[in-house]
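Structure record follows, encoded as structure tokens.
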Amino acid sequence: MGLALYRRTRDSGRTPEPGVSESRTGVRGRKSHPAPLFVIQEHHATRLHFDFRLEEDGVLKSWALTKGPMMERGVRRLAIEVEDHPLEYEKFHGFIPKGEYGGGKVLIRDHGTFENIMATKSQPLTVSESIEAGHVEIHLKGKRLKGAFALIRLDKAAGSEPSWLFLKMKKKPEISLLERAQCFAAKKGSSETAPSRSPSRSKVAARKKTAAAQKRSA
Ligand code: MN
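Residue numbers for the sequence shown follow the working numbering, so the first one is 189 and each next one is one higher.
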């Protein structure tokens, strides 16, 4: 998508929002780093909404939610895909003057980093590829939002903004993504010399038992 629409809809002389230089519009191919950012902004525009943004390809991929995303497992929220925002927007809060695009107060409700769960699947996808495919899964590490969330596209009608469902995933991963990746790498390495053994559930259960026992004795 790039930042052309963001720039076109804003008058840099009138809004305190971060500007975009010519060279930054439509930036592509920036390597994703291990701790990309996410932010949720409460935006008191004509209609109150919550902007959910994920760092990818040097921009913030953005969705507008009609209700706050602070929610329980299994709860779903409608999320409308909106224009990419510049990375600097992650820190933006303040007043956009009345009459300007998105005029009203902007507050940061949560921010942090995330892991792309789709990158750990047997057919790994980047966040951009996941958006294109209409199925994004991320592990959020915010102050309020923690855990696995998904964005599922409902439609991609021409001429209108695609609508998505934003939901907190029901299943809690047994072990962290990093641990799982290391486990997978170890398994791959050992499979040439020894018969492969799946990461046993009993090991995880044993670890949990030990932790529980330690808690009890503490
Ligand atoms: Mn907004």
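Just so you know, even glycine gets a beta-carbon here, dropped at the ideal spot from N, CA and C.
Option in the options with minimal Cα separation from residue i
i: residue 286; options: 231, 334, 323, 240; result: 231
i: residue 222; options: 249, 251, 300; result: 300
i: residue 307; options: 351, 325, 279; result: 325
i: residue 329; options: 313, 309, 302; result: 302
i: residue 226; options: 277, 195, 233; result: 277
i: residue 204; options: 309, 263, 279, 311; result: 279
i: residue 292; options: 351, 195, 343, 238; result: 238
Pair within 8 Å by beta-carbon distance, residue i and residue j
i: residue 261; j: residue 356; result: yes
i: residue 257; j: residue 228; result: yes
i: residue 275; j: residue 353; result: no
i: residue 316; j: residue 243; result: no
i: residue 190; j: residue 200; result: no
i: residue 247; j: residue 281; result: no
i: residue 322; j: residue 305; result: no
i: residue 346; j: residue 290; result: no
DSSP three-state assignment for residue i, whether helix, strand or coil
i: residue 411; result: Shown here, the chain extends from 189 to 406; a query on residue 411 therefore has no answer.
i: residue 297; result: strand
i: residue 351; result: strand
i: residue 185; result: Outside the shown range of the chain (189 to 406) lies residue 185, about which nothing can therefore be said.
i: residue 338; result: strand
i: residue 320; result: helix
i: residue 223; result: coil
i: residue 234; result: coil
i: residue 332; result: coil
i: residue 196; result: helix
i: residue 270; result: strand
i: residue 307; result: helix
i: residue 253; result: strand
i: residue 191; result: coil
i: residue 242; result: strand
i: residue 279; result: helix
Cβ-based burial, residue i [other Cβ within 10 Å; buried from 16]
i: residue 236; result: exposed
i: residue 197; result: exposed
i: residue 295; result: exposed
i: residue 252; result: buried
i: residue 168; result: One cannot answer for residue 168 here, as it falls past the ends of the chain, which runs 189 to 406.
i: residue 241; result: buried
i: residue 217; result: Low confidence applies to residue 217: its pLDDT is 44, below 50, so where it sits in the model is not reliable, and the reading given next is rough at best. Its Cβ having fewer than 16 others within 10 Å, residue 217 is exposed.
i: residue 358; result: exposed
For residue j and residue i, believed in contact at Cβ under 8 Å, the rounded distance
i: residue 327; j: residue 336; result: 5 Å
i: residue 413; j: residue 271; result: Limits of the chain in this structure are 189 at one end and 406 at the other, which puts residue 413 out of reach.
i: residue 349; j: residue 288; result: So it is not a contact: roughly 20 Å between Cβ atoms.
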